[in-house]
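**Student:** First residue of the sequence shown: 4, per this note's numbering; consecutive thereafter.
We treat Cβ as the ideally placed atom computed from N, Cα and C, and that holds for glycine.
Before I ask anything, let me first share the structure, which is written out below as structure tokens.
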Amino acid sequence: LKDSVDAEFFNSISSLISSCSVLDMDVYERRNKVEDLGISEDGVVGDRALYDASQTYALFRFLQLLCEGHNLNFQNYLRTQAGNTTTVNIVVCTVDYLLRLQESMSDFFWHYAGRDTIDGQGRDNLSRAIRVAKQVFRTLTEYVQG
4 LKDSVDAEFF
14 NSISSLISSC
24 SVLDMDVYER
34 RNKVEDLGIS
44 EDGVVGDRAL
54 YDASQTYALF
64 RFLQLLCEGH
74 NLNFQNYLRT
84 QAGNTTTVNI
94 VVCTVDYLLR
104 LQESMSDFFW
114 HYAGRDTIDG
124 QGRDNLSRAI
134 RVAKQVFRTL
144 TEYVQG
């Protein structure tokens with residue numbers, strides 16, 4: 004990547020990160036209403052909150068592995084791509100996604116705060132979000148370990 008002086012890799016990673024979904028209360032409530040009415044919406048992309056959790060997890064795992072083993076040169080290169088006309092700070096993109104995910108998890112928390120139990124769908128949504136958040140934290144840890 005360094006030798007090719009190509010910003011497309013980093014632009015595409017940045018685009019992928021910004022398009023990663025988070026827990027969406029509107030999607031969740033719409034799905035609950037559809038289920039209450041007995042209408043089937045199976046197979047619709049984005050019909051559940053954090054629908055791309057496995058892809059999001061894999062993306063951040065990939066970024067983590069790029070920095071594995073305290074690869075200081077690549078860690079620095081993730082922040083600024085020296086020699087490129089355009090630089091993309093992947094660390095900032097990752098933190099931005101984590102903040103969006105945290106805000107959505109907070110919304111879900113307050114949604115369930117006054118209830119005695121969490122329904123199955125809510126539990127699944129929160130579990131997916133926690134799994135992704137843990138991976139994002141692991142990735143950020145590898146970014147900064149020197």
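(1) Specify, as a first and last residue, the run of the alpha helix (DSSP H) that R141 falls within.
(2) Just the C-alpha distance for L26 and H73, rounded to the nearest angstrom, thanks.
(3) Name the two residues that bound the continuous alpha helix (DSSP H) containing E71.
(4) Does the distance from the C-beta atom of Y54 to that of Q138 stay below 8 Å?
(5) Between the Cα of E11 and the Cα atoms of L68, V91, F63, which residue gives the shortest distance?
(6) Please confirm whether Q58 and E145 have their CB atoms less than 8 Å apart.
(7) Any heavy atom of the ligand FMN closer than 7 Å to the Cβ of T59?
(8) Could you check the C-alpha separation between S22 and R118 for me, to the nearest Å?
(9) For T97 and Q78, what's the separation of their Cα atoms in angstroms?
(10) Where does V47 fall in DSSP's three states?
(11) Please state whether DSSP places D55 in a helix, a strand or coil.
(12) For L143, which residues from the same chain have a beta carbon less than 8 Å from its beta carbon, with the 5 sequence-adjacent residues on both sides left out?
(13) Going by the CB atoms, is the gap between L104 and A132 shorter than 8 Å?
(14) Please state whether DSSP places D29 in a helix, a strand or coil.
**Tutor:** According to the structure shown:
(1) 123-147
(2) 32 Å
(3) Here E71 belongs to no alpha helix (DSSP H), and DSSP marks it neither H nor E.
(4) no
(5) V91
(6) no
(7) With respect to small molecules bound, the structure shown includes none, and the ligand FMN cannot be examined in it.
(8) 32 Å
(9) 13 Å
(10) Residue confidence is low: V47 scores 45 on pLDDT, short of 50, so the model does not pin down where it sits. No coordinate-derived value is stated.
(11) coil
(12) V94, T97, V98, L101
(13) yes
(14) helix
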